[in-house]
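Reviewing the structure listed below.
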Amino acid sequence: MATHTNPVSIDGKMFKRRGAWFGLFQFGMPGAEPAFYLGTLHGMSALAPDKNRLINIFATYNGEKVAHTLEARPAELTLKTAHGDVRFTFADTTKIVAEGDAGMGLRFEKTMVQHETVHPRKNGAWEAFFRLTCSVIFKGIDGSSFDFNDGVTPWDPEKLASGDIYGQTHPAPDGGFTLVLEESTYGGIVRASYPSYAEAKASMQADWDDFVEGMPTFTEPYERTREDCEYTLWTFLTGPYGTAKHSMIQMFAGVMASQWQMCQNAVALQEHTDLAVDLLLSPIDRIGPLGQLPDMYDDTQCESLMVKPPMHGWAVLEIMKRHNLLETSSRERVEKLYDGMGRWANWFMTYRDEDEDGLPSLIHSDETGLDDCSLWAKHIMISTPDIASYIVLLLEATGDLGKLLGKPESEYTEWHKRSKELVGKLVDVLWDGERFAGLVPETRELIYSDSIIHYMPVILGDRLPREILAKLVADLSDTTTFFSPWGIASEKMTSPLFSPFGWGRGCILPPAMMYIVTGLWDTEHRAFAKSAAENYCKTLSDGNFPFFIDPKTGNGMYYGCSWSNCGYAVIARLVSEGQQT
0 MATHTNPVSI
10 DGKMFKRRGA
20 WFGLFQFGMP
30 GAEPAFYLGT
40 LHGMSALAPD
50 KNRLINIFAT
60 YNGEKVAHTL
70 EARPAELTLK
80 TAHGDVRFTF
90 ADTTKIVAEG
100 DAGMGLRFEK
110 TMVQHETVHP
120 RKNGAWEAFF
130 RLTCSVIFKG
140 IDGSSFDFND
150 GVTPWDPEKL
160 ASGDIYGQTH
170 PAPDGGFTLV
180 LEESTYGGIV
190 RASYPSYAEA
200 KASMQADWDD
210 FVEGMPTFTE
220 PYERTREDCE
230 YTLWTFLTGP
240 YGTAKHSMIQ
250 MFAGVMASQW
260 QMCQNAVALQ
270 EHTDLAVDLL
280 LSPIDRIGPL
290 GQLPDMYDDT
300 QCESLMVKPP
310 MHGWAVLEIM
320 KRHNLLETSS
330 RERVEKLYDG
340 MGRWANWFMT
350 YRDEDEDGLP
360 SLIHSDETGL
370 DDCSLWAKHI
380 MISTPDIASY
390 IVLLLEATGD
400 LGKLLGKPES
410 EYTEWHKRSK
420 ELVGKLVDVL
430 WDGERFAGLV
440 PETRELIYSD
450 SIIHYMPVIL
460 GDRLPREILA
470 KLVADLSDTT
480 TFFSPWGIAS
490 EKMTSPLFSP
500 FGWGRGCILP
510 PAMMYIVTGL
520 WDTEHRAFAK
530 SAAENYCKTL
540 SDGNFPFFID
550 PKTGNGMYYG
560 CSWSNCGYAV
570 IARLVSEGQQ
580 T
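Residue numbers (numbering that gives the first Met the number 0): 0 to 580.
If you want it as C-alpha cells, here you go:
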C-alpha cells in the first residue's frame, strides 16, 4: 500500500483522526495571531461557556512560549519554531500523542469555569474535567513528565473550580518530551502503558492510507486537490459514541451535519460502501414512531421539529449504480435501511399531505435546505416541486432495495408504482408549460419565484417527459440568470432578491450542484451537466473549497466546510469517469 503524506490544510478545520470526537484546532481573526487549542466535537459543548474549545496550547523552548508556524500532513501536525519542532499524531480515536525536539515543550492554559477542575492521578498523570464535554488525561511518557500549576493542585472553593491553570511538559533525560492526551466522556483512567509516538503515527498513517487508497482517482486537473478534499471528509468523520450508534460527519468543525448531508456524504464516500451505509443508517437510527427522521442529531442532542429534504433515495440510487449493498453490508443493515426509507416516504405522503392531493408540503423554507428560499416570501406551507421529486426517488429506491432483498414482487413493485404516480402528479399539477410552480395547499394557488427550487426536478433526469427536461435545462443554461462561469446560482442573478451569499438567494451551493449534475448526467443533456460540473469543481479546487460561491464574481465565503468537499468528491468522480470511458 502506498504511503500518502501530501501536505493538507487545517485552516478553519481541524487535525483529527477519523472516528475521533476531539482534535486540534487553529482559528484566528484577520490581523490577529491564530489561536491553537484542543477542542471537542461532543454536542453538549454548545452549552459550555467556551463552546468547543477545551484548552489553549502553546509551544515552548526551555519553558518559555515561542512563536510557531503550523505544518500539517494527514498523520502528523507540526508546530515549527526557530528552536525546534513539536509534533502531534493520534494513536487511536481517543489518544493524541505529542513529542518535541530537545528543549521544546508544550504549555496548556485556561481559566476553568465553575465545576471545572484539574487534579493529579496516579503515576504522574493529571486529569482535567471540562464542563459538559469530557475528561482528558495528561500523561508524560518515555522519561518525560507533565503537571499543572507546578504540581500544586489548584482549587477555588468559592467558584468550585480550579481557576487559572497552566500545564507544562518536563523533558526526558535526552531533552525531548512525549505526552499522551486521552479523552473520555466519563472519568478518565491512567493506563499501565501507552503507545510510543512512532507507533501512534504509524497507526494513524495506516488508517489514512487505507481510506485514501479505497477512493477513486480523478483525472486532472481534479486529481491535484483530491487528497486534500478527502482528508477533510476523513477527519470530519466521527465514530459511534453516546446516542450516536453509527458513523456520522461534521458539517463544520464542531457542528454536526444534518440528515440530508449524511446522504450526500454517503455518495461521496461510496467506495467505502459499508461506511456509506452507516452514514445512511445514522438518521434512521433516530426515526420517530410515525416515520419522521430528525433534522440533525449528535451524541447528546437531537433536533426533530422540522425536517431536511429526504435524500436517501437519491443516495441509494447513486450508490447502487456502482455497488451491490449486500456484498459489503450485512443483510440486517440493508433491511434496516429498507424499512427506514419506506417509513420515511410514508411519513411524507401521510403527514405532510393533509389535503390528500398526492403532493407533500413543506412548512418552512428551512425544510428545502435553501434556508432563505424566495418562494417563501408570502407563504409558510407550500407543496414544492423539489420535495415531490426527491420523494419520487425515495419511493423508487425503496422498491429497488426491496427487489435486492428478495421481497415479494407485489411489495417492491408497489413502491415503484407509487414513484411513477408521483411523477405524474408532479407534472399534472405543478408544471405550467414553462416551469414548475409551488402550490399553496389551502388556496390551490400556483406561486412562483426566481429560486432554483423550480428547477430541482432535473434530479429526476429521464423520468420527466423529454420536452419538460429540455425546457428546464434551457432555462438553467441562461448565462444572465442561472448559469455562471463558477456554477449554477440558487436564485436568478437578475432577481431583486438576489444576494450573493444568501443561503438560497443567489450563491452557488453544493447540494444544488450535486443534484443537477447527477440528475442530468445519464441524459441527452450530459454536455450541459459536464460544463456546469467543470466550472464548479475548478472553482472549488482553485479557491480552497468555499461553501458559498458568488455566481457573479466567483468569490467564496465560509471555508473549512465538509459540504463543499463532499460536492467535489461526488461531481469530480462523475467528470473523471466520463473522461476515462
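Where a beta carbon is used, it is the ideal one built from N, C-alpha and C, also for glycine.
- Shown here, residue 497 sits in coil according to DSSP, grouped into three states, outside any helix or strand.
- For residue 125, the beta-bridge partners assigned by DSSP are 119, 137.
- Taken through DSSP and simplified to helix, strand or coil, residue 314 comes out as helix.
- Ranking 59, 164, 38, 366 by CA distance to the CA of residue 52 puts 38 first.
- Residue 56 and residue 228 have their C-alpha atoms roughly 27 Å apart.
- Using a Cβ distance threshold of 9 Å, residue 40 and residue 11 do not count as a contacting pair.
- In the DSSP assignment, residue 437 falls within the unbroken beta strand (DSSP E) covering 437 to 439.
- When 281, 393, 95, 99 are compared, the shortest CA-CA separation from residue 86 is found for 99.
- For residue 504, the number of other beta carbons within 10 angstroms of its own is at least 16, and it is reported as buried.
- At a Cβ-Cβ threshold of 9 Å, residue 382 and residue 418 do not count as neighbours.
- By the criterion of at least three beta-carbon pairs nearer than 8 Å, the stretch 176 to 187 is in contact with the stretch 122 to 137.
- The beta carbon of residue 508 lies closer than 6 Å to those of 489 in the same chain, with the five residues before and after it left out.
- If you draw a straight line from the Cα of residue 456 to the Cα of residue 84, it comes to about 54 Å.
- In the same chain as residue 92, and ignoring 5 residues on each side of it, the C-beta atoms closer than 7 Å to its own belong to 16, 18, 19, 238, in chain order.
- With a threshold of 16 other beta carbon atoms within 10 Å, residue 191 falls short and is exposed.
- Residue 519 sits in a helix when the DSSP states are folded into three classes.
- Inter-segment contact for the stretch 398 to 414 and the stretch 461 to 469 is absent: fewer than three beta-carbon pairs are separated by less than 8 Å.
- DSSP places residue 481 in the coil class of the three-state scheme, outside both helix and strand.
- Around the C-beta of residue 479, fewer than 16 other C-beta atoms lie within 10 Å, and the residue is accordingly described as exposed.
- The beta carbon of residue 299 sits closer than 8 Å to those of 41, 42, 43, 241, 242, all from its chain and outside the five residues before and after it, given in chain order.
- In the DSSP secondary-structure assignment, residue 144 is bridged to 169.
- Just measuring C-alpha positions, the residue of 449, 174, 431, 277 sitting nearest residue 497 is 449.
- Annotation for residue 284: no beta strand (DSSP E) segment contains it, and DSSP assigns it neither H nor E.
- Beta-bridge annotation (DSSP): residue 556 is paired with 547.
- The Cβ atoms of residue 279 and residue 316 do not sit closer than 9 Å to each other.
- One thing to note: residue 286 has its Cβ no nearer than 9 Å to the Cβ of residue 347.
- Distance check between residue 308 and each of 264, 270, 365 places 365 closest, using alpha-carbon atoms only.
- Counting along the chain, the unbroken beta strand (DSSP E) around residue 98 starts and ends at 94 to 99.
- For secondary structure counted as the alpha helix (DSSP H) over 4 or more consecutive residues, the stretch 374 to 410 holds these complete runs in sequence order: 384 to 403.
- In the structure shown, residue 362 falls within a coil segment according to DSSP collapsed to helix, strand and coil.
- For residue 22, the uninterrupted beta strand (DSSP E) segment begins and ends at 21 to 26.
- Its Cα nearest to that of residue 115, the residue 130 stands out among 101, 545, 130, 259.
- For secondary structure counted as the alpha helix (DSSP H) over 4 or more consecutive residues, the stretch 330 to 356 holds these complete runs in sequence order: 330 to 350.
- The shortest C-alpha to C-alpha distance from residue 368 to any of 528, 511, 266 is the one to 511.
- In this structure, the straight-line span from the alpha carbon of residue 79 to that of residue 68 is close to 5 Å.
- Taking a C-beta distance under 9 Å as the contact criterion, residue 60 and residue 108 do not qualify as a contact pair.
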